[in-house]
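Undergrad:
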Amino acid sequence: MKKHNYQVGGSLPPDTPCYVRRKADQDLYQALVAGEFCYVLTSRQMGKSSLRVQTTHRLQGIGIHCGIVDLTEIGTQDLTADQWYASILRCLVSSFNLQVNLRAWWRSRSDLSPVKRLSDFIEEVLLAEVEGNLVIFIDEIDSILGLSFPIEDFFALIRACYNKRTENQAYQRLSFVLLGVATPSDLIVDKQRTPFNIGRGFGFFQSKS
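Its first residue numbered 3, the sequence shown is counted upward by one per residue in this note's numbering.
#1: So for D141, helix, strand or coil by DSSP?
#2: Going along the chain, which residues of its own chain have a beta-carbon closer than 6 Å to the beta-carbon of P116, five neighbours each way excluded?
#3: Would C40 pass as a contact of G203 if the rule is Cβ separation under 9 Å?
#4: Can V42 and L61 be called in contact, C-beta distance under 9 Å?
#5: Assign A33 to one of two classes, buried (16 or more other C-beta atoms within 10 Å of its C-beta) or exposed (fewer than that).
#6: Kindly provide the ranges of any beta strand (DSSP E) runs that are 3 or more residues long and lie completely inside the region 53-90, ordered along the chain.
#7: Who are the Cβ neighbours of I138 in its own chain at under 6 Å, not counting the five residues just before and after it?
#8: Could you tell me which of R109, V132, I66 and G148 sits nearest to I76, measuring between CA atoms?
#9: Considering Cα atoms alone, identify which of A106, V71, G65 and V95 is closest to G182.
#10: Could you please give the first and the last residue of the uninterrupted beta strand (DSSP E) stretch that includes F157?
#11: Rounded to whole angstroms, what's the CA-CA distance from T74 to D141? Just pull it up for me.
#12: Give me the residue from I124, R24 and V55 with the minimum Cα distance to K166.
#13: Decide if D80 is buried, meaning its Cβ has at least 16 other Cβ atoms within 10 Å, or exposed.
#14: Report yes if the CB atom of E126 is closer than 9 Å to the CB atom of F98, and no otherwise.
#15: For A175, write down the residues that DSSP places opposite it in a beta bridge.
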């Protein structure tokens with residue numbers, strides 16, 4: 003008799019026999035291969051993290067570069083916008099193994115706003131150094147609701163990356179996935195700048211594992 007190990011809570015490794023692949027796995031995978039912006043916003047313990055791990059493994063298997071920004075690791079308490087955005091860059095440097103002196107790069111642009119520095123980093127460093135398609139998974143996106151500074155600039159940046167595809171082909175290689183415990187309405191501050199009305203959402207009934 004074959005013995006199966008079961009795990010309650012947390013993300014499952016990509017090679018585990020315990021993972022039950024759902025329709026959302028294939029739908030999310032296909033959407034990201036097609037370069038769509040996606041979001042998975044559900045309640046906790048519904049399989050978001052495992053969905054991310056499994057999807058990342060499949061994307062990497064066909065040569066798509068994947069990076070993860072876990073916002074809970076950055077935190078929300080007593081953070082300035084400068085510190086928060088710099089931490090996102092550090093996650094990108096680590097995830098994509100970028101060869102850049104981040105401290106020097108960040109400080110050399112101290113006259114720019116934090117979101118502009120992140121925008122420049124994506125274009126001048128990330129898209130320049132990494133060949134092929136890229137997917138950035140931003141996990142625990144709902145944690146930004148605890149920040150003491152406005153969040154709409156961050157969402158506007160994601161939307162801007164999508165809009166730039168028509169004028170800069172490099173952005174056609176970049177996709178985002180937002181994951182968290184929220185609804186789009188919880189995260190929408192400015193309807194004109196939000197990325198949620200251009201993205202594809204996945205409900206909890208699709209992503210449960």
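By construction, the Cβ of each residue, glycine as well, lies at the ideal position given by its N, Cα and C atoms. What you are looking at is a predicted structure, and each value in this text was computed from that prediction instead of being measured.
TA: Taking the definition as stated:
#1: For this step, residue 141 is matched to residue 139 along the sequence shown. Three-state DSSP puts D141 in a strand.
#2: Numbered from its first residue, the sequence shown carries residue 116 at position 114. In its chain, beyond the 5 residues on either side, A83, D84 and Y87 have a beta carbon closer than 6 Å to the beta carbon of P116.
#3: Walking along the sequence shown from the start, residue 40 turns up at place 38. Walking along the sequence shown from the start, residue 203 turns up at place 201. The answer is yes: Cβ separation under 9 Å.
#4: Here residue 42 refers to the residue found at position 40 when the sequence shown is read from its first residue. Here residue 61 refers to the residue found at position 59 when the sequence shown is read from its first residue. No.
#5: Locating residue 33 in the sequence shown gives position 31, counting from the first residue. When all chains shown are included, A33 counts as buried.
#6: 67-72
#7: Walking along the sequence shown from the start, residue 138 turns up at place 136. Closer than 6 Å at the Cβ level, and outside the excluded window around I138, lie G69 and F178.
#8: Taking the first residue of the sequence shown as position 1, residue 76 is located at position 74. Checking every option, the nearest Cα to that of I76 belongs to G148.
#9: Numbered from its first residue, the sequence shown carries residue 182 at position 180. If you compare the alpha carbons of A106, V71, G65 and V95 with that of G182, the shortest gap goes to V71.
#10: As a working mapping, residue 157 is identified with position 155 in the sequence shown. That residue, F157, is in no beta strand (DSSP E); its alpha helix (DSSP H) goes E154 to N165.
#11: Taking the first residue of the sequence shown as 1, we reach residue 74 at position 72. Taking the first residue of the sequence shown as 1, we reach residue 141 at position 139. Cα-Cα distance, rounded: 8 Å.
#12: As a working mapping, residue 166 is identified with position 164 in the sequence shown. K166 has its Cα closest to that of I124, out of I124, R24 and V55.
#13: What you label residue 80 is simply residue 78 of the sequence shown in a count that begins at 1. By the neighbour-count rule (16 or more Cβ atoms within 10 Å), D80 is not buried but exposed.
#14: Counting from 1 along the sequence shown, the entry for residue 126 is found at position 124. Counting from 1 along the sequence shown, the entry for residue 98 is found at position 96. Not a contact, by the Cβ cut-off of 9 Å.
#15: Taking the first residue of the sequence shown as position 1, residue 175 is located at position 173. In the sequence as presented, Ala is not what sits at residue 175; that position holds Arg. DSSP, once it has assigned bridges, lists no residue as partnering R175.
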